[in-house]
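Everything below concerns the one structure shown next.
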Amino acid sequence: MLNRPLQAEENILFIFETGPSPSETSKTKVVFPLFRAENLQSWGAILTSIKSTSITVTINSHSDAVIGRYILSVAVQCRGSDKPLPHQIGALNLLFNPWLQGDAVFMAEEDQRQEYVMNEQGVIFQGSDEDITSINWEYNQFERNILDICLVILDRSQNYKKDPALDVSQRNDPLYVCRVLSAMMNSKGDDGVLEENWSDDYINGASPSSWNGSMNILKSWYYSKFKPVKYGQCWVYAGMLCTVLRSLGIPTRVITHFNSGQDKNANLFIDLQYKSQGSRQNDQEDQLWNFHVWNEAYFKRRDLGKSYNGWQVIDSTPLKRSDGVYQCGPAPLTAIKEGDINLNYDVKYMFASVNADVACWIYYRNGTKKQVSNNAKETGKFISTKAIGSNDRVDVTNNYKYAKGSETEIKVFEKALKLSKGSFVGRTREKPRGGNILFGRCTLDQIATFGQDFNLILSLKNLTPDSINVTVYINTSAILYTGRQRHTIWTGGKFLSLGPNLEKRFSIPVKYGQYSKHMTDNGVICMTALCEVEGTEERILVERNVSLVKPPLSITLPDKAIINQESNANIVIVNPLLETLNSCILWVEGYGLTDKILKKEVPSLKPGQSSEHNFVITPMKTGVRTLLVNFSCDKIQNMKGSGKILITYSQEVSDSPVPT
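According to the numbering used here, the sequence shown is numbered sequentially starting from 2.
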């Protein structure tokens with residue numbers, strides 16, 4: 002609104018400013034007149050309508066503009082007059098724009114933009130390479146206050162504290178923004194959001210497995226005046242970073258890779274150490290995690306050239322320092338696949354996670370060690386992400402690596418070794434002795450459910466025309482998903498004879514009474530069988546990780562409901578164990594369905610007893626919504642379930658089924 006009509010010799014100047022010290026040279030201040038709109042990718046104002054004391058204009062921002070919160074001022078300029086006095090009229094948030102072709106984050110396909118920018122719900126894959134599972138995750142990037150919190154996160158970074166003006170001026174580059182945020186998701190060494198905990202002891206905070214989404218974590222950090230939230234592990238960091246980047250307009254997805262190599266000495270080899278009876282040693286530098294979760298963000302790499310544009314890998318889990326800070330990436334996906342480990346940022350670390358060679362060593366009490374064959378150990382298996390438009394798993398392994406053992410894959414690995422600057426001079430890719438006489442594998446006879454006994458089936462085959470004798474050392478342990486042994490469940494040995502080309506199978510029973518008190522929150526049991534052929538140097542290691550399936554929850558929802566009208570959710574819990582469940586708590590939440598987490602204490606459940614609970618929900622948003630349910634007690638932690646419901650404005654809704 003104007004206090005008088007605009008005169009013919011007058012024009013309006015628009016002033017946009019962001020950051021603590023706005024300046025035109027740093028691109029944190031722009032000044033332009035009405036009617037200047039050279040193209041849709043530059044700053045300009047187009048007159049839409051004019052009345053006596055009001056005008057309507059459309060503002061265009063530059064495709065390379067600094068993102069963040071801007072203060073908007075206007076001034077009336079008259080030809081030949083002195084510098085006009087600006088008047089502040091409002092504020093706005095400027096984001097990256099994946100719909101704009103000139104923007105560094107431009108993404109051409111609409112279905113991809115809807116998935117990787119607009120979708121507020123998703124799934125994250127977990128488990129092991131032989132037992133892939135998934136959990137629901139609520140991103141909630143458009144929830145009230147989330148964008149403001151994300152901008153505050155940037156302002157709490159070490160970069161901002163060192164030089165606020167310089168930091169803000171670089172926020173036109175998604176590369177810079179992503180690297181800063183990869184550090185700020187974790188609290189290690191700075192004022193980041195989430196504190197890590199790998200101990201399986203969460204008495205002073207929340208178990209990482211208890212989180213169902215990012216919103217509560219981000220709001221807890223913000224409203225506690227920036228105290229780190231307790232606790233997180235890799236999938237929580239990845240889910241949270243996905244929320245923050247999507248809220249800023251950067252296309253982002255969550256990636257899980259199985260058998261993740263943690264190459265601590267940076268030599269592109271994962272050396273796994275086992276004791277003489279087959280159990281894994283905990284005090285070793287290199288590790289092979291059952292799975293690891295990180296992110297990919299989509300943008301141009303102006304620093305490297307167009308061949309490295311596209312998906313960039315970012316890891317916000319605080320596992321290593323980069324430039325002195327617990328941050329990792331962005332690393333071009335193309336560079337990881339091609340072995341260009343000398344490029345920015347942290348390509349070598351990412352390459353090793355999915356491409357490093359694995360060597361297994363048996364350490365004997367006399368101080369000697371011997372390499373042992375383990376054909377199943379391969380880093381970077383079944384690299385997975387959510388499908389566009391559904392919760393199906395999409396395998397993107399081919400984006401990261403060439404087929405194992407192919408000519409191209411071998412050349413890429415040799416190239417990476419040469420570029421690694423001699424961190425392990427003289428080491429080459431070699432297959433250990435073994436695996437020529439004996440072959441072994443381990444399978445399950447049924448789905449392994451927590452609370453039930455199950456059997457592992459060990460199969461050993463003689464690959465020669467002669468009879469052989471084999472000594473087998475077996476170790477069954479409860480482990481963390483990072484591969485660290487938590488507690489030995491059972492150890493034993495077996496001696497058997499195998500005739501020429503003969504295969505034998507025998508069962509290894511795992512009893513609930515043996516593992517019940519030693520399971521971790523992720524519920525993983527590892528079986529190792531060290532097999533030695535008598536009279537030879539032949540040794541093979543058979544290993545199998547079993548992710549225990551937690552008992553299901555029964556959730557009943559209506560197919561459809563009307564916004565702002567009450568609806569009922571019915572939840573039934575059944576105790577599948579032969580012992581009483583105590584200290585039972587039920588949580589229910591769902592973005593657009595509940596305005597807070599609904600918590601209910603449940604009476605103790607005797608063996609086989611069921612308990613039914615009704616929750617009244619009042620939907621606040623339309624569309625397909627997901628209700629997330631979490632049940633914990635003294636015997637089982639974080640039993641989860643979910644149900645979908647279509648929320649509409651009226652009873653007249655489509656007959657299309659609710660997606661599963």
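Ideal Cβ positions, reconstructed from N, Cα and C, are used throughout, including at glycine.
- Setting aside the 5 residues that flank it on each side, Val589 is surrounded in the same chain by Leu599, Phe616 and Val630, each with a C-beta closer than 6 Å to its C-beta; the list follows chain order.
- No residue range can be given for Asp347, since it is assigned to no alpha helix (DSSP H) and is classified by DSSP as neither H nor E.
- Closest in C-alpha terms to Ser210, from the list Gly233, Trp222 and Ser64, comes Gly233.
- The beta strand (DSSP E) runs lying completely inside the stretch 37-106 and spanning 3 residues or more are 45-51, 56-61, 69-79 and 88-95, given in chain order.
- Between Val355 and Thr380, the CB-CB gap stays under 7 Å.
- Here Gln115 carries a helix assignment [DSSP, helix/strand/coil].
- Going by beta carbons, Gly330 and Tyr346 fall inside the 7 Å limit.
- Taken in chain order, the unbroken stretches of beta strand (DSSP E) that lie wholly in the stretch 277-308 and span 3 residues or more are 288-300.
- In terms of Cα proximity to Ala184, the closest of Pro319, Gln566, Phe33 and Lys422 is Pro319.
- For Asp560, the three-state secondary structure derived from DSSP is coil.
- Gly624 is bridged by DSSP to Ile648.
- Between the beta-carbon of Ser548 and that of Ser280 there is about 19 Å, and that puts the pair past the 8 Å contact cut.
- The stretch 480-557 is shown to contain whole beta strand (DSSP E) runs of 3 or more residues at 486-499, 504-511, 525-534, 540-548 and 555-557, in chain order.
- Judged by DSSP secondary structure, Asp168 falls outside any beta strand (DSSP E) and instead within the alpha helix (DSSP H) spanning Pro165 to Ser170.
- Here the stretch 408-415 does not lie against the stretch 523-542, with fewer than 3 beta-carbon pairs under 8 Å apart.
- Taking a cut-off of 8 Å for Cβ pairs, the stretch 507-515 and the stretch 458-478 touch, as three or more such pairs fall below it.
- Taking C-beta separations shorter than 6 Å and ignoring five residues to either side along the sequence, the partners of Arg485 in its chain run Asn283, following chain order.
- By the 16-neighbour rule on beta-carbons within 10 angstroms, Lys636 is buried.
- The way I'd put it, the stretch 89-96 doesn't touch the stretch 442-455; fewer than three beta-carbon pairs between them come closer than 8 Å.
- Relative to Val75, the option among Gly69, Phe292, Asp65 and Ile60 whose CA is nearest is Ile60.
- Boundaries of the alpha helix (DSSP H) harbouring Cys235: Cys235 to Ser248, taken from the DSSP string.
- The beta carbon of Asn463 is closer than 8 Å to those of Ile438, Leu439, Ile469, Leu499, Gly500, Pro501, Asn502, Leu503 and Glu504 in its chain, skipping five residues each way along the sequence.
- Setting aside the 5 residues that flank it on each side, Asp316 is surrounded in the same chain by Ser183, Trp295, Cys329 and Gly330, each with a C-beta closer than 7 Å to its C-beta; the list follows chain order.
- Taking C-alpha positions only, Phe17 is separated from Lys382 by approximately 49 Å.
- Per DSSP, the unbroken alpha helix (DSSP H) holding Pro175 starts and ends at Pro175 to Met185.
- Per DSSP, the continuous beta strand (DSSP E) segment holding Ser612 begins and ends at Ser611 to Ile618.
- According to the DSSP secondary-structure assignment, Gln122 is paired through a beta bridge with Glu139.
- Taking a C-beta distance under 7 Å as the contact criterion, Ala66 and Asn173 qualify as a contact pair.
- Taking the C-beta atoms as reference points, Leu587 is found no nearer than 7 Å to Ala570.
- Secondary structure note for Lys462: its beta strand (DSSP E) is the uninterrupted segment Phe455 to Asn463.
- Each of Lys28, Trp100 and Ile125 was checked against the Cα of Ser385, and the nearest Cα belongs to Ile125.
- One alpha carbon belongs to Gly45, the other to Gln285, and they sit about 59 Å apart.
- One alpha carbon belongs to Leu289, the other to Ile648, and they sit about 44 Å apart.
- For Ala417, the enclosing alpha helix (DSSP H) starts and ends at Glu408 to Leu420.
- One alpha carbon belongs to Leu246, the other to Ser129, and they sit about 27 Å apart.
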